[in-house]
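**Q** Okay, handing you the structure first.
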Amino acid sequence: MTIGCPECGTLEQIPPLEPRSFARCRVCHYPLERRSGRSVSAALACATTTFALLLPANLAPLMTVHLLGVERSSVLSSGILAIWRDDWIILALLLGIFGIVLPFVRFGALMVVLAAVSIDRPFAGIGRLFRWTTQLDVWTMPDVYLVGCFVGYARITQDLTATIGPGGYCFIVAALMSMLTRASLDRRTVWRAIAPEQQNAGEPALSCPVCDLVVPISQEGQPCPRCGLKLRARKRDAVVRAAALSLAALVLTAPANFYPMTESQHLGKHDSHRIVDGVYQLFHAGLWPFGILIICTSVVIPIAKVAGMAWFITSVVRGSRRHLRAKAHLYRWIDELGRWSNVDVFTIAAFVPLIHFEGIATTRPAIGATAFALVVFFTMAASRAFDPRLLWDARKRS
Numbered sequence: 386m387t388i389g390c391p392e393c394g395t396l397e398q399i400p401p402l403e404p405r406s407f408a409r410c411r412v413c414h415y416p417l418e419r420r421s422g423r424s425v426s427a428a429l430a431c432a433t434t435t436f437a438l439l440l441p442a443n444l445a446p447l448m449t450v451h452l453l454g455v456e457r458s459s460v461l462s463s464g465i466l467a468i469w470r471d472d473w474i475i476l477a478l479l480l481g482i483f484g485i486v487l488p489f490v491r492f493g494a495l496m497v498v499l500a501a502v503s504i505d506r507p508f509a510g511i512g513r514l515f516r517w518t519t520q521l522d523v524w525t526m527p528d529v530y531l532v533g534c535f536v537g538y539a540r541i542t543q544d545l546t547a548t549i550g551p552g553g554y555c556f557i558v559a560a561l562m563s564m565l566t567r568a569s570l571d572r573r574t575v576w577r578a579i580a581p582e583q584q585n586a587g588e589p590a591l592s593c594p595v596c597d598l599v600v601p602i603s604q605e606g607q608p609c610p611r612c613g614l615k616l617r618a619r620k621r622d623a624v625v626r627a628a629a630l631s632l633a634a635l636v637l638t639a640p641a642n643f644y645p646m647t648e649s650q651h652l653g654k655h656d657s658h659r660i661v662d663g664v665y666q667l668f669h670a671g672l673w674p675f676g677i678l679i680i681c682t683s684v685v686i687p688i689a690k691v692a693g694m695a696w697f698i699t700s701v702v703r704g705s706r707r708h709l710r711a712k713a714h715l716y717r718w719i720d721e722l723g724r725w726s727n728v729d730v731f732t733i734a735a736f737v738p739l740i741h742f743e744g745i746a747t748t749r750p751a752i753g754a755t756a757f758a759l760v761v762f763f764t765m766a767a768s769r770a771f772d773p774r775l776l777w778d779a780r781k782r783s
């Protein structure tokens, strides 16, 4: 069957694959289909488990800390609500949407789609629903939130006694199952169950960037027959939108790194902590693996994303034909790893509600946290807005 590579636009003929085999694009090496470890049934089981555990994970106590005979417990949303009450509205909205709202939406919808495919009962609109779950994948972050909770727990237990509650254990399992869902989901099989691909007869064609369905070029501007996305040969204004979002991220990079992420008071003493201060504290406490993690997610990845997007945009504008495969691999990494930069702000959401003992110790988010969350959001939006097929158009014009 014929599908279109979402990264370079090449039309590929993919024969039925063996259970442990995979297919790559012959031009850019994008993994078009992988059968090893992929199963609709396994993905359904993992998605159902994730969705079922999200409710107790959000309602039961996440963590409890003890200080001088006083206990303070939190649930998953406590930090986000505390951030909201401190008037950091944008930060609270971003964390609430990525960490709480979208996991329910995505895994609930994915469970419905996979159940319908498993019993061979597709319904009207199933293609659109599966497209939404696919597009929400990178924005749904229970796994990132979990790592942030681990870092927050490690910081708290340096000075206080803390215990993980039943909600915490449910959230650990839910986040791990969400990762297994991503790893086991056989998207190609699901799309073919919704509507099979057709053989390309050799006429001019275009492909859907979400479900990779190949249709005649005459259908440009119409909804995709399989997923409902409006079909375009290339994303409209992709370079302009990606450039604007990348520039916004670049402007906010300075306050994100040089302004404090949190402000705390301990026995009347006021302290502020930037990203570099938090890294230093982790190394000083002997938690160097977490320190390296924060350096990678909060410093290296955001800078690499902005630099990478600048390289892609400049290449498209200049019509460069050099290092196309390297750019394709870098774009793939930027698009996939960008979400992990939110570890630092989720760490704040994890420990802020627990360090709130009036007159003894309190911690609140600061302006750097909002700036950093926006840097992550803008760089992720930039990579989503960009069309990597534009990089390969220069090769086709040569």
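Quick note: the sequence shown uses my numbering, first residue 386, plus one each step.
Heads up, the beta-carbon is just placed ideally off N, CA and C, and yes, glycines get one too.
On the DSSP letters alone, give me the boundaries of the beta strand (DSSP E) that THR435 sits inside.
**A** Segment 425-444 is the alpha helix (DSSP H) holding THR435; no beta strand (DSSP E) there.
**Q** For PRO416, does the count of other Cβ atoms within 10 angstroms reach 16, so buried, or fall short, so exposed?
**A** A residue is called buried when at least 16 other Cβ atoms come within 10 angstroms of its Cβ; PRO416 does not meet this threshold and is exposed.
**Q** Determine contact between the region 558-569 and the region 514-532, defined as no fewer than three beta-carbon pairs at a distance below 8 Å.
**A** Counting Cβ pairs under 8 Å, three or more are found: they touch.
**Q** Would PRO610 pass as a contact of ILE602 if the rule is Cβ separation under 8 Å?
**A** no
**Q** Could you check the C-alpha separation between TYR538 and THR566 for me, to the nearest Å?
**A** 26 Å
**Q** Can you round the beta-carbon distance between HIS741 and ARG457 to whole angstroms, since I take them to be within the 8 Å contact cut?
**A** With a Cβ gap of about 6 Å, HIS741 and ARG457 count as contacting.
**Q** Which one of SER406, THR546, VAL523 has the shortest CA to CA distance from PHE736?
**A** Put simply, of SER406, THR546, VAL523 the residue whose alpha carbon is nearest the alpha carbon of PHE736 is THR546.
**Q** Near LEU447, which residues of its chain fall below 6 Å by C-beta distance, leaving aside the five closest residues on each side in sequence?
**A** Answer for LEU447: SER459, VAL460, LEU461, GLY550, GLY552, GLY553, listed in chain order.
**Q** Within its chain, find whatever has a CB closer than 8 Å to the CB of PRO608; leave out the 5 residues flanking it on each side and keep chain order.
**A** LEU614, LYS615, LEU616
**Q** Using CA atoms only, rank isn't needed, just tell me which of PRO773, PRO750, PHE763, ALA767 is closest to LEU466.
**A** PRO750
**Q** Is VAL728 buried or exposed, if buried means 16 or more other CB atoms sit within 10 Å of its CB?
**A** With 16 or more other Cβ atoms within 10 Å, it is buried.
**Q** Do THR755 and LEU480 come within 8 Å of each other at the CB atom, strictly closer than that value?
**A** no
**Q** Give the DSSP-derived three-state secondary structure of ARG506 in the structure shown.
**A** Judged by DSSP in its simplified three-state form, ARG506 adopts coil rather than helix or strand.
**Q** May I ask you to report which of helix, strand or coil DSSP gives ILE388?
**A** strand
**Q** Would you say the beta carbon of LEU440 is closer than 7 Å to some non-hydrogen atom of the ligand PLP?
**A** This structure lacks the ligand PLP, and indeed carries no ligand of any kind.
**Q** What does the Cβ neighbour count give for GLY732, buried or exposed, with the cut at 16 atoms within 10 Å?
**A** For the record, residue 732 in the displayed sequence is Thr; it is not Gly. So THR732 counts as buried.
**Q** Between which two residues does the alpha helix (DSSP H) holding GLU721 run?
**A** 709-722
**Q** Could you tell me which of LEU570, ILE541, ASP772, ALA639 sits nearest to THR519, measuring between CA atoms?
**A** LEU570
**Q** Excluding five sequence neighbours on each side, which residues of the same chain lie with their C-beta closer than 6 Å to the C-beta of SER592?
**A** GLY389, VAL599
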